[in-house]
Amino acid sequence: MSRIEKETFRPEETFAFAKSIAEQVKGGEVYCLDGDLGVGKTVFAQGFGAGLGITEPMASPTFTILKEYHTGRMALYHFDVYRIGSEDEMEEIGFYEMAGSPDGVALIEWSKLIEGILPENAIRVTIEKNPEKGFDYRRIVIEEP
Ligand code: ADP
Ligand code: MG
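First residue of the sequence shown: -7, per my numbering; consecutive thereafter.
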């Protein structure tokens, strides 16, 4: 079990932190991104994509649930399961083929909504605000089993 904690004070810092993590991934990792609406999950995903060398613009796949990127050094499977009706829908989307596939990395925004089907070795990224520390303050905790 490892735990990394990072405080950021601007979106660019969250982006850069995620980028530095992506530069070290080997493939097969599943990153779960949780935290309230507007906390920075997508900013984290965008930095992560940059760290894989993805150059195309990345937005949250809120309506499509999944967006795949194949222009980086490995595939990125970016899920946003906020609008998922049930865990069963994830099978149709191809979740089980993508999450854990050694040719890529999966990022799942709102992973708590599909807690029952997450792999045991999933890496948890939790982002929180703290109004006392300023509007743009975020605390990012990464826990690896
Ligand atoms: P989510 O995907 O969690 O709903 P987004 O990443 O879409 O959230 O939006 C986060 C918003 O918060 C962006 O408008 C971003 O500019 C802003 N923001 C302010 N400070 C930070 C920070 N330290 N880290 C990340 N985002 C921040
Ligand atoms: Mg988002």
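Cβ coordinates follow ideal geometry from the N, Cα and C atoms, glycine included.
Distance between residue j and residue i (C-alpha atoms, nearest Å)
i	j	result
residue 23	residue 31	16 Å
residue 117	residue 77	23 Å
residue 54	residue 74	7 Å
residue 124	residue 111	35 Å
residue 60	residue 122	32 Å
residue 7	residue 84	31 Å
residue -2	residue 5	10 Å
residue 92	residue 17	12 Å
Check whether residue i and residue j have beta carbons under 8 Å apart
i	j	result
residue 79	residue 106	yes
residue 13	residue 41	no
residue 51	residue 69	no
residue 119	residue 132	yes
residue 100	residue 25	yes
residue 1	residue 128	yes
Residue i - DSSP class collapsed to helix/strand/coil
i	result
residue 146	Within the shown structure, residues of the chain are numbered from -7 to 137, placing residue 146 beyond reach of any answer.
residue 114	coil
residue 84	helix
residue 138	The shown model of the chain, from -7 to 137, leaves out residue 138, and the question about it has no answer.
residue 46	coil
residue -2	strand
Nearest-residue set for ligand 2, Cβ under 7 Å from any heavy atom: 33, 34, 52, 54, 72 and 101
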